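For the sequence shown, numbering that gives the first Met the number 0 gives the first residue as 0, with consecutive numbering after it.
For each residue, glycine too, the CB sits at the ideal point set by N, CA and C.
Everything numeric in this text was worked out from a predicted model, so none of it was measured.
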Amino acid sequence: MTAPSVGKPLPRADGKAKVTGNARYSAEVQVAGVVHGVIVGSHAPKGRIAAIDSSAAEREPGVLAVLTHLNAMKLPGGTEPADQGDRVVQALQDDVIRYSNQPVALVVADTFERATHAANLVKIREQVEPHTVRMEDEIQNGFKQDQKRPYGTIPADQVTGDPDAARKASHAVVEETYETPPETHNPMEPHATVAVWSGPDRLTLYDATQGIFGVRKKLAKAFGIPPENVRVLTKFVGGGFGCKGSAWSHVVLAALAAKQLGRPLKVVLSRTQMFAMVGGR
């Protein structure tokens, strides 16, 4: 019988590499010929893009392209979820603004600094539409769960009692509304993706993710290629707390821009963008 391991310290496989600075995260992956993409986000919480002026950004040294819904390639598989556990992404496919800080342009340059500077020069004119920022105002239009498969693709048995009868039979009923503040994951390592195409239908992604298979499925659907043609590599993750379990818009944008420009491309979200572009609770 082997000695019990409960209550005894165990070596952490990635611990030494992380504390000594030898761990290489997705943003630090070096690929020959890589260019850098910086996302420009919307301001309006809901509306449409009325006009985009990217002329000043395009004149800056080192700028290779400013991608918007006007010139970005159309995704063969669209932006809809790849399965019930996936989500819709915004990848410059239309002029609709669905939330504040939604990606509405991607500036690509030969260095990160030049791309960041040029991104600040892009001017977006937005047509703001009526909206609300209170969840209770739109609760009736919220997501309706598939009762036969409430947990995605896994069938489940559910038994529901009679809450009204239970209330009537109770000695006392307390009615109250409780609210909790929103939570932003925002781990120490921001989201980052490096996209490298090998030919028209083979993609390698170095992505800061906790769900490599979900990312592979998402990219395969979006670009209409077999899942086995998408390779997702993640050596280290610097925190996630849930936000790195999905393929967000920047992941698809990195692959889209890399394919359209024919260059390996890196997208790293800023700390500010981490508050809006990768969800929350």
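Closest residue to residue i among the options (Cα-Cα distance)
{"i": "L260", "options": "V229, W196, A207 and T233", "result": "W196"}
{"i": "N185", "options": "S269, Q92 and M273", "result": "M273"}
{"i": "G223", "options": "D200, W247 and H68", "result": "D200"}
{"i": "F240", "options": "H249, A22 and P189", "result": "P189"}
{"i": "Y177", "options": "D156, P162 and E135", "result": "E135"}
{"i": "Y113", "options": "R97, L204 and V62", "result": "First, the residue type needs correcting, since residue 113 is Arg and not Tyr in the sequence shown. When only C-alpha atoms are compared, the closest one is V62."}
{"i": "A64", "options": "L74, S53 and K73", "result": "S53"}
{"i": "I123", "options": "V107, D94, D109 and E137", "result": "D94"}
{"i": "V121", "options": "E57, N100, E137 and Y205", "result": "E57"}
{"i": "Y205", "options": "G46, Q126, P3 and V33", "result": "V33"}
{"i": "Y98", "options": "T110, S41 and I48", "result": "S41"}
{"i": "P75", "options": "A221, V266, V267 and Q126", "result": "A221"}
{"i": "L202", "options": "G237, P263 and K243", "result": "P263"}
{"i": "A43", "options": "P10, H116 and P102", "result": "P102"}
{"i": "A275", "options": "V39, R11, K7 and P8", "result": "V39"}
{"i": "V106", "options": "T208, A165, Q92 and K265", "result": "K265"}
{"i": "D13", "options": "V277, T233 and G278", "result": "T233"}
{"i": "K45", "options": "L268, P129, T192 and G6", "result": "P129"}
{"i": "F235", "options": "T271, A191 and V250", "result": "A191"}
The alpha helix (DSSP H) enclosing residue i, as first and last residue numbers
{"i": "R166", "result": "P162 to A168"}
{"i": "A256", "result": "S248 to L260"}
{"i": "R113", "result": "F111 to A118"}
{"i": "G278", "result": "Element bounds for G278: n/a, residue is neither H nor E."}
{"i": "A16", "result": "G14 to V18"}
Beta strand (DSSP E) segment containing residue i, residue limits
{"i": "I123", "result": "K122 to V127"}
{"i": "A191", "result": "A191 to W196"}
{"i": "A265", "result": "It should be noted that the sequence gives Lys, not Ala, for residue 265. Its beta strand (DSSP E) spans residues L264 to V267."}
{"i": "A104", "result": "P102 to A108"}
Per DSSP, the bridge partner or partners of residue i
{"i": "V173", "result": "Looking at the DSSP assignment, V173 forms no beta bridge with any residue, so it has no partner."}
{"i": "V95", "result": "R47"}
ask   = Can you list the beta strand (DSSP E) stretches of 3 or more residues lying completely in the region 30 to 93, in chain order?
value = 34 to 40, 46 to 52 and 62 to 66
request  = Could you tell me whether the region 58 to 69 touches the region 211 to 222, using the rule of 3 or more Cβ pairs below 8 Å?
outcome  = no
message = Could you tell me which whole beta strand (DSSP E) segments of length 3 or greater appear in the region 179 to 243?
response = 191 to 196, 202 to 206 and 229 to 232
query = Any contact of the region 80 to 100 with the region 17 to 36, i.e. 3+ C-beta pairs under 8 Å?
reply = no
task = Determine, using beta-carbon pairs with one atom in the region 127 to 134 and one in the region 76 to 83, whether at least three such pairs fall under 8 Å.
result = no
key: the region 224 to 238 in contact with the region 162 to 173 per 3-pair CB rule at 8 Å   = no
message = For the region 5 to 19 against the region 248 to 265, do three or more pairs of beta-carbon atoms, one drawn from each stretch, fall closer than 8 Å, so that the two count as touching?
response = no
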